[in-house]
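To start, the structure under review is shown below, and the notes come after it.
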Amino acid sequence: MEYIKKLVENSVFQWFIIGVIMINAGVLGLMTMDMPPDDMHMLEVIDHVCLAIFSFEIAMKLVVYRLKFFKDGWNVFDLLVVGIALAPATGELSVLRALRVLRLMRLASAIPSMRRVINGMFAAIPGGGSVAAVLFVMYYVAAIMGTNFFGKTVPAHFGDLGTTFFTLFKMMTLEGWPDIAKDVLEFHPRAWIFFVVFIIFTTFTTLNLLFGIIVDAMEQAKESDARSKMAEQGIEMSEESNEMRLAIIEDDVKHIRVLLTEIAAAGKKSGQQ
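For what it's worth, the numbering used here labels the leading residue of the sequence shown as 63, then goes sequentially.
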């Protein structure tokens with residue numbers, strides 16, 4: 063049991079699994095092409111070998127960690143992905159063959175930096191949801207206004223609520239919005255006010271706020287990962303904020319400066335004597 067645990071947690075074994083995932087990615091890509099039957103059969107054999115390796119890895123982790131295996135969300139994700147690949151893909155379940163590509167998502171669980179990014183994205187969901195709600199309200203108000211203002215004159219862009227929503231989305235991405243504005247300005251010379259206000263409040267304000275939330279969540283995920291690594295080494299880190307830590311450092315620097323001043327003054331006195 064201890065030997066299997068060392069093997070599973072060994073960095074060489076983990077990099078081997080990453081290599082198998084990359085090979086499997088290439089094989090799945092090649093299998094989408096029109097190839098001779100012999101080549102396709104060889105690719106299927108390689109795909110089955112990769113799946114066998116993934117299954118063996120999951121089995122070893124289940125043997126080593128037992129119920130603790132399910133406490134890690136990434137382990138559960140790996141189990142689901144491999145389980146989908148093992149499910150029979152015939153008849154009504156043939157759609158599962160297309161889901162084999164989900165095995166490539168195992169890179170996110172195998173590479174710590176990618177795992178940290180995913181954790182940060184999930185951590186940003188609560189704050190991002192609030193921003194998304196505000197953004198939706200802005201969209202809905204702007205869609206109703208745009209449909210009422212320009213629906214009759216420019217139906218291609220603002221003919222109904224659904225069309226207006228799609229037009230506003232294109233405007234928010236700044237892709238082709240000058241052409242949309244040009245079509246509208248031919249009938250409504252002051253419509254530029256609507257476009258400028260909408261783009262400022264969505265693209266330059268709300269979206270940047272969303273990006274800020276995501277970046278902050280990434281930093282928190284990075285700090286949490288660092289705390290976990292330190293805890294594994296037996297080093298406990300306090301839960302103090304960055305501002306509090308900076309204040310403590312500044313106080314220590316001031317204290318050291320006072321001590322150095324006192325030592326220098328004592329040295330001068332001893333020199334004079």
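Using N, Cα and C, we set each Cβ at its ideal position, and we do this for glycine too. Owing to the predicted nature of the structure, the values given are computational and were not obtained by experimental measurement.
Distance, Cα to Cα, residue i vs residue j?
i	j	result
G88	I180	23 Å
M122	P240	58 Å
L271	V196	11 Å
D245	V216	7 Å
E281	W136	20 Å
V126	Y65	10 Å
F260	D278	26 Å
V143	F266	38 Å
Determine the extent of the alpha helix (DSSP H) in which residue i is found, giving its start and end residues.
i	result
I115	P99 to Y127
S84	A small correction: the amino acid at residue 84 is Met; Ser does not occupy that position in the sequence shown. Counting along the chain, the alpha helix (DSSP H) containing M84 begins and ends at S73 to L92.
D245	W239 to L247
D140	G135 to L148
V259	W254 to F263
Apply the 10 Å Cβ neighbour rule to residue i and answer buried if 16 or more other Cβ atoms are within range, or exposed otherwise.
i	result
G208	buried
H219	buried
T323	exposed
R168	buried
L230	buried
V199	exposed
M234	buried
T94	exposed
E106	exposed
Once DSSP output is grouped into helix, strand and coil, what is the label at residue i?
i	result
I173	coil
K316	helix
G190	helix
H219	helix
M207	helix
K214	coil
Give me the residue from the options with the minimum Cα distance to residue i.
i	options	result
I262	L236, P188 and F249	L236
G189	V320, L166, I275 and I173	I275
A185	A326, V111, F273 and I83	F273
Y202	L223, I255 and G182	L223
S10	L269, L164, M95 and M63	The question about residue 10 has no answer here: the residues shown for the chain are numbered 63 through 335.
A253	L124, I187 and A204	A204
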